[in-house]
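First up is the structure itself, then whatever we jot down about it.
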Amino acid sequence: MADKVVLSVGTKRGLFLFESSAKRDKWTSSGPHLKGWAIYHATVDTRKGATVHAAASSDVFGTNTFSADLKKKKFAGAKKPPVPPKLPPKGLKFAKKYSIPVHPRVWHIEPARKSEPGVLYAGTAPAGLFRTEDNGKTWKGVDSINNHPTKKDWMPGAGGMCLHSIQIDPVNPDRMWIGISAAGSFRTTDGGKSWKPINRGVKSFTGAVMGSEVGT
């Protein structure tokens, strides 16, 4: 059992952290950290020490990720942040028609396996997958999914076209999954060199391209 429990709460006015012992009977709070930034997601990476990583967006400052040692709570932004890709033409037309948000956002951050202590993944809106090998200081796009052959058919959901979920296989280093709204789910079994849509049997949303492997 862990000796400390940390709850990260992202809001439009910054990040709040709540900490307790394993008993969870008393809590201390701190924040808001990163004032002026909307925090879409935050996670505590315990693979080496305890580091807080936050996905932050601002209508003024753009998008970035921030990291801090949990004890010191002094956040530093990425020197080379994830830069969300543009919507494909059909997706942009669909978004304009239904007034769907198209503003760039960093949506999710996911630590990799214990055997990869400096590696994290980030999902953005519009949908893109990014990888860092230096604990969030510099990010690089994963071209195999960001330029996927089905991308021309990716369409935004009601909240925009975002890569909102990243699932790492804890045993198989070549396998992971991602979820994109509203393109559906994809799986890689070769360490990210290629991605396969895995949406067969899932109902497509209204407006999805007929017969496409994506659009759920």
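Heads up, the sequence shown is in the working numbering, so the first residue is 592 and it goes up one at a time. The beta-carbon is built from N, C-alpha and C at its ideal position, and this holds for glycine as well.
### Query
Taking the alpha-carbon positions, what's the A659 to F685 distance?
38 Å
### Query
Which of the three DSSP states, helix, strand or coil, is assigned to G682?
helix
#### Entry: Reference I691; option with closest CA among T723, A773, P788
A773
#### Entry: Spatial distance of I759 from E707 (CA atoms)
When rounded, the distance between both Cα atoms is 12 Å.
### Query
Below 8 Å, can you find three or more Cβ-Cβ pairs linking the stretch 626-644 to the stretch 708-715?
yes
### Query
Of the residues Y689, E701, V651, A718, which one's Cα is nearest the Cα of V674?
A718
### Spatial neighbours of V597 in its chain, beta-carbon cut-off 6 Å, leaving aside the 5 residues before and after
E610, V635
### Task
Could you name the residues that DSSP lists as bridge partners for T654?
S648
### Task
Provide the residue span of the alpha helix (DSSP H) that contains S706, from first to last.
Here S706 belongs to no alpha helix (DSSP H), and DSSP marks it neither H nor E.
### Query
Excluding sequence positions up to five away, which residues of its chain have a Cβ less than 7 Å from the Cβ of T703?
Checking the sequence, you will find Ala at residue 703 rather than Thr. Cβ neighbours of A703 beyond the five flanking positions: V710, L711, Y712, I759.
### Task
Measure the C-alpha to C-alpha separation of D734 and H644 and round it to an integer number of angstroms.
23 Å
### Task
Report back the beta-carbon spacing between N655 and V697 to the nearest angstrom; my notes put them in contact at under 8 Å.
Indeed, because the Cβ distance is near 7 Å, the residues count as touching under 8 Å.
### Task
Find the nearest neighbour of P747 within the set H739, P679, G668, judged by alpha-carbon distance.
P679
### For S690, the three-state DSSP class (helix, strand or coil)
coil
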